[in-house]
Each structure stands twice: as structure tokens, then as C-alpha cells.
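Using the UniProt record's numbering, the letters of the sequence shown map in sequence onto residues 1 to 666.
Here a beta-carbon is modelled for each residue, glycine too, at the ideal position from N, C-alpha and C.
Predicted model, so just to flag it, every value in this text is computed and none were measured.
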Amino acid sequence: MSSHNNNNNYSSQQQESSSSLSSSEDVLLFNNLNQRSLSITQQRLALPVYQLRKHILHLLETKQTLVVVGHTGCGKTTQIPQYLYEAGWCDGGRCIAVTQPRRVAATSVAVRVAEEMGESTVGGKVGYTIRFDDQTTNTTAIKYMTDGMLLREMMVDPLLSRYPVVMIDEAHERSLSTDLVIGLLKKVMVRRPDLRVIVSSATLDAEDFCNYFNLNKDSNDKTKDTCAILSIEGRNYPVDLHYLEEPTANYVDTTVKTIVDIHLTQTPGDVLVFLTGQDEIETVRRQLIDRLSDDPTNQQHQYTIVPIYSGLPLEKQMKVFAPPNIHKRKIVLATNIAETSITIDGIVYVVDCGFVKIKSYSGRSGTDSLVVVPTSQASANQRAGRAGRNRSGKCYRLYTEAAFAKLDVHTIPEIQRSNLSSVVLQLKALGIDNILAFDFLSPPVADSLVRALELLYALGAIDDYAKLTSPIGMTMAELPTEPPFSKMILSAASDFGCSEECLSIVAMLTIPGIQYNQSLVRKQFGVKEGDHLTLLNIYNSYVDIKQKDQSGWCHDNGLNAKAMTRVLQGNNNNDTKKVDPSVLVRKAIVSGFFSNAARLLPDGSYQTIKDKRNLWIHPTSIIGTINSPEWVIFHDVIITTKEFMKELTVIEPNWLSEIAPHYYSK
Ligand code: CDP
Ligand code: MG
Numbered sequence: 001m002s003s004h005n006n007n008n009n010y011s012s013q014q015q016e017s018s019s020s021l022s023s024s025e026d027v028l029l030f031n032n033l034n035q036r037s038l039s040i041t042q043q044r045l046a047l048p049v050y051q052l053r054k055h056i057l058h059l060l061e062t063k064q065t066l067v068v069v070g071h072t073g074c075g076k077t078t079q080i081p082q083y084l085y086e087a088g089w090c091d092g093g094r095c096i097a098v099t100q101p102r103r104v105a106a107t108s109v110a111v112r113v114a115e116e117m118g119e120s121t122v123g124g125k126v127g128y129t130i131r132f133d134d135q136t137t138n139t140t141a142i143k144y145m146t147d148g149m150l151l152r153e154m155m156v157d158p159l160l161s162r163y164p165v166v167m168i169d170e171a172h173e174r175s176l177s178t179d180l181v182i183g184l185l186k187k188v189m190v191r192r193p194d195l196r197v198i199v200s201s202a203t204l205d206a207e208d209f210c211n212y213f214n215l216n217k218d219s220n221d222k223t224k225d226t227c228a229i230l231s232i233e234g235r236n237y238p239v240d241l242h243y244l245e246e247p248t249a250n251y252v253d254t255t256v257k258t259i260v261d262i263h264l265t266q267t268p269g270d271v272l273v274f275l276t277g278q279d280e281i282e283t284v285r286r287q288l289i290d291r292l293s294d295d296p297t298n299q300q301h302q303y304t305i306v307p308i309y310s311g312l313p314l315e316k317q318m319k320v321f322a323p324p325n326i327h328k329r330k331i332v333l334a335t336n337i338a339e340t341s342i343t344i345d346g347i348v349y350v351v352d353c354g355f356v357k358i359k360s361y362s363g364r365s366g367t368d369s370l371v372v373v374p375t376s377q378a379s380a381n382q383r384a385g386r387a388g389r390n391r392s393g394k395c396y397r398l399y400t401e402a403a404f405a406k407l408d409v410h411t412i413p414e415i416q417r418s419n420l421s422s423v424v425l426q427l428k429a430l431g432i433d434n435i436l437a438f439d440f441l442s443p444p445v446a447d448s449l450v451r452a453l454e455l456l457y458a459l460g461a462i463d464d465y466a467k468l469t470s471p472i473g474m475t476m477a478e479l480p481t482e483p484p485f486s487k488m489i490l491s492a493a494s495d496f497g498c499s500e501e502c503l504s505i506v507a508m509l510t511i512p513g514i515q516y517n518q519s520l521v522r523k524q525f526g527v528k529e530g531d532h533l534t535l536l537n538i539y540n541s542y543v544d545i546k547q548k549d550q551s552g553w554c555h556d557n558g559l560n561a562k563a564m565t566r567v568l569q570g571n572n573n574n575d576t577k578k579v580d581p582s583v584l585v586r587k588a589i590v591s592g593f594f595s596n597a598a599r600l601l602p603d604g605s606y607q608t609i610k611d612k613r614n615l616w617i618h619p620t621s622i623i624g625t626i627n628s629p630e631w632v633i634f635h636d637v638i639i640t641t642k643e644f645m646k647e648l649t650v651i652e653p654n655w656l657s658e659i660a661p662h663y664y665s666k
């Protein structure tokens with residue numbers, strides 16, 4: 001532990017109690033907590049939402065929209081769809097759609113609800129649909145899905161005629177797709193008065209949702225309101241808040257120290273730690289193992305560390321749901337994925353680093369970057385609340401109380417900080433031509449809509465009248481990838497004869513967590529043309545290996561075997577014909593990503609061509625190990641200590657004018 005971090009004195013304060021239940025003996029609590037000893041029916045009846053079952057059903061008779069607010073774990077996601085099912089909303093082969101902003105939430109919840117409904121597997125009465133994985137049949141009555149998948153369905157069936165009820169769950173997360181679904185549903189509801197929409201949220205922004213969905217224009221007659229709010233009073237035990245007395249210079253070190261302190265000095269109870277991403281989680285995990293194995297009293301202090309972040313393969317993410325064990329403290333190292341999406345039983349201590357990694361849009365360049373920023377107060381309170389679900393808990397905020405007061409109250413919705421090209425493309429495909437007039441819950445900045453239109457025009461997806469082109473624009477809208485990827489795939493097929501190669505690259509880029517030993521992977525597969533062709537090289541080597549040997553081969557080469565299997569599933573081409581990819585594939589990449597072109601500067605950094613943004617090569621890029629090439633194309637930008645380009649490919653400058661003449665003419 002570095003010495004500059006001794007300054008970990010906490011000031012303490014109690015907050016957030018809607019009940020004053022005090023904790024009794026730990027063992028007793030743990031027995032209560034281990035709810036698996038209760039029958040599933042008993043558990044269902046004990047959930048706070050159960051008290052409102054009749055009320056919910058009654059309101060849905062008369063109101064078109066219902067906004068349900070209740071803290072995480074009170075039963076919104078798992079119970080409400082079942083109440084509707086039991087009340088007959090799914091009769092006649094109909095189905096309730098429940099959207100989730102995250103894949104892990106859609107799958108884990110479907111598994112749980114199937115179990116509660118006495119189903120032996122997922123995919124019957126209860127199913128889920130996420131990208132590359134559809135576990136539903138035409139008898140499925142409750143369908144959990146990512147909001148992105150619901151958008152896809154709306155392209156085929158704009159009125160969502162199969163669904164009597166759509167539940168937009170975790171609406172407070174305000175993901176890009178959630179906001180888009182919300183805007184579209186409002187239009188559908190006018191055409192389909194029978195459709196019911198349930199918006200559920202863990203925070204108190206209910207009024208905004210309600211005002212938005214209320215179609216009653218007569219403010220003097222509330223009885224005509226088409227939307228109602230229902231809040232679920234929940235048991236939430238008190239959470240003791242601890243702040244640092246002095247700011248920390250290194251929150252990763254402070255996180256490790258705080259976890260060790262909790263583990264060695266506090267009574268049993270699991271720990272949930274909020275960090276910003278995979279790298280930090282891995283660092284903290286390693287340091288914890290070092291620190292805790294040095295501890296002489298360790299024999300009495302058993303622990304297990306479980307990471308969870310969206311790049312982790314789903315089956316590994318599921319490990320956080322293992323039931324709590326009084327003899328072994330579970331230390332969950334999480335990103336904000338654990339803030340509201342998933343319910344982990346047994347958490348008593350929360351450590352909140354105070355930061356979050358989010359997408360942020362640069363209006364100037366029209367590109368998204370990932371950037372680590374302080375959380376909002378709303379997020380910090382959600383995080384703290386995770387500690388008070390089963391008994392009173394403690395939350396350690398690794399910043400000062402004064403710093404908390406300065407945080408933004410709410411997180412800005414993603415739609416106001418994202419590149420909107422896929423939003424615009426999807427809206428166009430749904431027949432919404434005047435995007436600037438679309439009724440968004442939170443309207444995006446007009447400038448970013450304009451930038452999105454410009455990019456789509458340059459990609460050839462829309463014409464001079466801002467209409468979707470056929471076939472390019474139409475096809476791009478149907479592909480489940482970001483517009484530049486879609487264009488790359490299309491031109492690979494039409495102009496460069498390398499679709500297999502490009503599809504493989506896209507599959508490799510969209511499946512997270514492929515490499516577990518980056519330096520080994522680089523040594524084995526790195527090529528001088530850059531990261532995209534390196535990924536292709538990995539893929540091609542992988543498919544050449546006999547299936548039974550693939551897992552061992554992956555391990556020997558620093559690759560994650562499960563992730564590679566998913567690449568294969570997502571990538572349906574079995575044709576192993578190989579062209580010499582080096583030029584054609586790179587040209588296809590340029591046809592999608594020409595706006596991300598950059599040129600070397602004397603100081604070793606790069607400058608984007610169009611908008612003169614200064615960027616650096618990310619240390620994980622293969623390009624960093626070769627002599628700095630003069631011209632590159634990058635996939636995205638991540639901002640940490642500097643603004644870094646990730647996933648780079650070396651290009652020739654004349655390809656830009658050849659492939660995107662309009663974009664680079666001025
Ligand atoms: O959606 P909300 O946060 O209101 O709660 P939920 O996800 O419906 O969870 C209700 C309860 O079901 C939680 O308190 C958990 O104890 C339990 N649950 C579970 O045991 N396993 C899951 N995968 C999901 C929920
Ligand atoms: Mg939920």
C-alpha cells in the first residue's frame with residue numbers, strides 16, 4: 001500500500017432510512033437472507049410490489065400508461081409481468097414484452113421468472129431475446145429483451161401488434177435505445193388505444209415520464225389523464241454513509257485499502273464495489289489477492305472475489321448471483337452494471353469510487369468517446385442503496401462530503417451525449433422523416449442531429465432530400481451494427497469482394513473480452529497493418545483448429561474460448577475461402593470509417609483530418625509496437641489520461657479521396 005494514502009479517515013453520517021429496523025445477530029440475519037430456504041411462493045408474497053398487485057391491474061384497465069417507481073429489488077421486473085400473465089393479458093397467444101437496457105439483466109431475470117413460474121427451461125412460457133441469442137417460441141407469454149431488440153421488431157411490425165403490454169424497465173437508465181423506444185411508443189399509443197405501456201424506474205423522475213406520456217390535453221380535468229404514477233413503498237434498511245475526510249489522489253489504491261479494512265474488521269456481509277471498468281477491476285482484484293494473502297489472520301477470513309462488467313462473458317457475469325455464504329465473504333467488483341440492473345442478495349457493504357465510465361459525444365468531430373467522469377448524486381444514492389436491501393448496511397464513498405454536494409443531481413441521458421447516426425437511421429427506417437420534430441423525452445442537441453445526418457449522407461445512407469437510399473440506406477438500417485460497420489460490410493460485399501473477412505472482423509470487435517492475455521495474443525497474431533487485420537488473423541487461425549482442440553488452443557494463445565465461440569455464433573459464414581485481405585479489407589474499413597482518419601504529427605500524436613482533433617495511439621494497439629505509420633483509421637476513442645484511439649488500421653492517404661470523395665473534397 002503506498003504511503004500517500006494513509007489519509008483514509010472517514011466522516012460518518014446516517015441517511016436514507018424508510019424504516020428503522022435495527023440489525024440483530026448476524027447469523028439470524030443470514031438465515032433470513034438466504035431466501036432460498038423460503039418457498040418461491042412465500043418469497044413472491046413477501047415482495048413489496050405484491051401489496052400493489054390489484055392496484056396495478058386495476059389502473060391498467062383505465063390508464064394507457066403506468067409509471068411504477070420502486071427501489072431495486074422490490075419486485076418490479078420479475079413480478080409485474082407475472083401479475084399480468086395471471087390476470088389474462090397474455091391469453092390468446094399474446095405476449096408481454098419487457099425491455100432491459102442490459103443483456104445480463106434480460107437473461108438473468110428470464111431465468112428467475114421461468115423458475116418462479118415452474119418452467120423447467122427458459123424459452124417456453126418465459127423467454128428472452130438479446131442480440132445473437134433468441135430464446136423464445138411462439139408460445140412465449142413473457143419476453144424479456146434488450147431495448148435494442150424491441151427497436152428491431154418495430155422495423156418489422158411498427159405497431160407492435162403482437163403485444164398487449166410493453167414494459168419499459170429500468171427507464172431511469174435512459175439508454176439511447178430506451179429513449180428511442182419511449183419516443184416511438186408514444187406515437188404507437190395514439191394509433192393503438194388498446195396498448196398498455198408500463199414504465200418502471202428505480203428513481204423519482206416519475207413526473208417527467210408521466211407528463212410526457214399523458215395524452216390528456218385538458219389540465220383542468222385530471223380524470224381524463226391517460227397516465228398514472230404508482231410508487232412502491234419499500235423496506236429499505238438504513239445505510240451508514242462514510243465519506244473521506246480528505247480527497248484521495250488515487251481511488252484505486254483507496255478502494256483496495258477500504259475493501260481490506262472492511263474484510264478484516266467488519267462483521268459478515270458481502271461487499272459490492274463500484275469501479276469504472278474492466279482494467280480497474282482487474283487491478284483491484286490482483287492487489288486484493290496480494291494484500292489478503294499476506295494477512296496472517298487470513299485463515300479466519302475467507303473470501304471470494306467476483307468481477308462483473310459488461311465485457312465479461314455472460315456465464316461469468318452470472319456468478320454474482322451465487323447465494324450468500326456466512327463463512328465466505330463475497331467481494332463483488334462491479335461497474336455501474338450493478339447499480340440498478342441486477343439484484344445481488346447479501347450485500348451489506350458498498351464501496352463507491354465516485355466515478356463512472358460513460359459515452360460522451362464530441363460535437364466537433366461527431367464521434368463518441370468513452371470517458372471517466374464523476375457520478376451524479378442520483379447514481380451515488382443508488383449505489384449506496386445496494387447496501388441496505390437485506391439489513392442495515394454501510395456505504396464508503398471514496399470522496400469528501402463537500403465533493404458529493406458538487407456532483408450533478410442527475411446523469412445526462414445518453415441521447416444527449418451520443419453520436420446519433422444510428423438513432424437517425426433507425427427513425428428514418430421507421431418512416432419518421434422529420435427527425436428534428438420528433439417528440440423525444442429529452443430532445444438531443446440539434447447540432448448532433450445535423451452531424452448525424454451529415455455522416456449518414458457521407459456514408460450514402462441518405463440522399464440529397466435526407467431520404468433513406470435504396471438499397472444501401474435500407475440495408476444499413478436492417479443490420480444490427482453501427483452505421484459505419486454496416487457500410488463497411490456492404491462495401492466489402494459490393495466493391496471489394498471480402499465480406500467474409502469483414503464480417504469476421506466485425507464479429508470479433510462486437511464480442512467483448514476476447515483476449516485475456518494481450519501481450520501473448522499480440523506476439524502470436526499481430527500484423528503490421530494494424531488491429532483489424534490482427535483480429536482477422538486470430539479468427540482465421542481459430543477456425544482452422546479442429547473444434548475439439550479449440551478450447552485448449554485458445555488458452556495457449558491468450559484467448560477467451562467462450563468469447564470466441566460467441567464470435568463464431570454471431571458470424572454465420574462458414575465459407576473459409578480467403579482472399580489476400582491486406583488491401584481490400586482495409587479499403588472496406590475505410591468505406592465505413594473514413595470520418596475517423598488521422599495523420600501522424602511530429603510529436604508522435606495524431607490529428608484527425610477533418611476536424612483537427614489531437615489523439616494518441618492506445619497502448620493496447622498493435623500499431624504501438626510498429627514504427628508509427630503516417631495515416632491511420634481508428635474505430636473509437638477512449639479518454640483516460642489522454643485521448644486515445646482504439647482499434648487502428650494503417651491506410652494509404654489516397655484511399656480517402658478514392659472512397660469518400662465528397663467527405664474529403666472540401
Ligand atoms: O425489478 P426490481 O429491482 O424491483 O426487483 P426484481 O428484479 O423483480 O427482484 C425481486 C426479488 O427477486 C429480489 O429481491 C431478489 O431477491 C429476487 N431475485 C432473485 O432471487 N434472482 C434474480 N435473478 C432476480 C431477482
Ligand atoms: Mg428491475
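| Asked | Found |
| --- | --- |
| Rounded straight-line distance, which links the Cα of V67 to that of C90 | 20 Å |
| Heavy atom of the ligand CDP within 7 Å of F594 beta-carbon | no |
| Short Cβ contact (8 Å threshold) for V284 with V252 | yes |
| Length of the line joining the Cα atoms of K76 and G311 | 26 Å |
| Buried versus exposed, by CB contacts within 10 Å (16 or more), V320 | buried |
| beta-carbon residue 670 near the ligand MG non-hydrogen atom, thresh 7 Å | Because the chain here runs from 1 to 666, residue 670 falls outside it and cannot be looked at. |
| Nearest neighbour of Q43, chosen from E116, P101, V188 [CA to CA] | E116 |
| M645 vs L615 beta-carbon contact at 8 Å | yes |
| Any non-hydrogen atom of the ligand CDP closer than 7 Å to V109 Cβ | yes |
| Pairwise C-alpha distance: R162 and E652 | 50 Å |
| Within 8 Å, strictly: CB atoms of Y516 and G552 | no |
| Whole-angstrom distance between P484 and G93, CA atom to CA atom | 39 Å |
| L66 CB to nearest heavy atom of the ligand CDP below 7 Å | no |
| C-beta contact flag for T146 and G127 at 8 Å | no |
| Limits of the unbroken beta strand (DSSP E) element including S200 | 196-201 |
| Buried or exposed by the 16-neighbour rule on C-beta atoms within 10 Å, applied to K257 | buried |
| The stretch 351-359 / the stretch 322-330 touching (three or more Cβ pairs under 8 Å) | no |
| T112 CB to nearest heavy atom of the ligand CDP below 7 Å | The sequence as given places Arg at residue 112; Thr does not occur at that position. Result yes, Cβ under 7 Å from the ligand CDP. |
| Best match in H55, V372, K143 for proximity to E643 [C-alpha to C-alpha] | V372 |
| Closer than 7 Å: T139 CB and nearest the ligand MG heavy atom | no |
| Contact under 8 Å by Cβ, K143 with T136 | yes |
| Nearest candidate by alpha-carbon position, reference L648, set F274, Q317, W631 | W631 |
| CB contact flag (L407, A380, <8 Å) | yes |
| Boundaries of the beta strand (DSSP E) in which I626 is found, first to last residue | I626 -> no beta strand (DSSP E), and no H or E assigned at all. |
| Cross-strand partners of V67 (DSSP beta bridge) | V199, I229 |
| Extent of the continuous alpha helix (DSSP H) run through L615 | That residue, L615, is in no alpha helix (DSSP H); its beta strand (DSSP E) goes 614-617. |
| Counterpart residues of Q43 in DSSP-defined beta bridges | Bridge partners of Q43: none, in fact. |
| Integer Cβ distance of F209 from A171, believed to fall under 8 Å | 6 Å |
| P307 versus H58: straight-line alpha-carbon distance, rounded | 42 Å |
| CB-CB length for Y361 against S418, believed under 8 Å | 5 Å |
| Exposed unless 16 or more other CB atoms sit within 10 angstroms - verdict on R599 | exposed |
| Helix, strand or coil at S17 according to DSSP, with G and I counted as helix | With a pLDDT of 39 at S17, under the threshold of 50, the modelled position of this residue cannot be trusted; read the value that follows with caution. In the structure shown, S17 sits in coil (DSSP, three-state: anything other than H, G, I, E or B). |
| Cβ distance (whole Å) where I589 is taken to contact I623 below 8 Å | The pair is not a contact, with the Cβ atoms about 14 Å apart (cut-off 8 Å). |
| The ligand CDP heavy atom lying under 7 Å from the CB of D345 | yes |
| Residue closest to L584, alpha-carbon to alpha-carbon, out of M189, K612, S499 | S499 |
| Selected residue, minimal CA-CA separation from S392, among I514, I347, E658, A403 | I347 |
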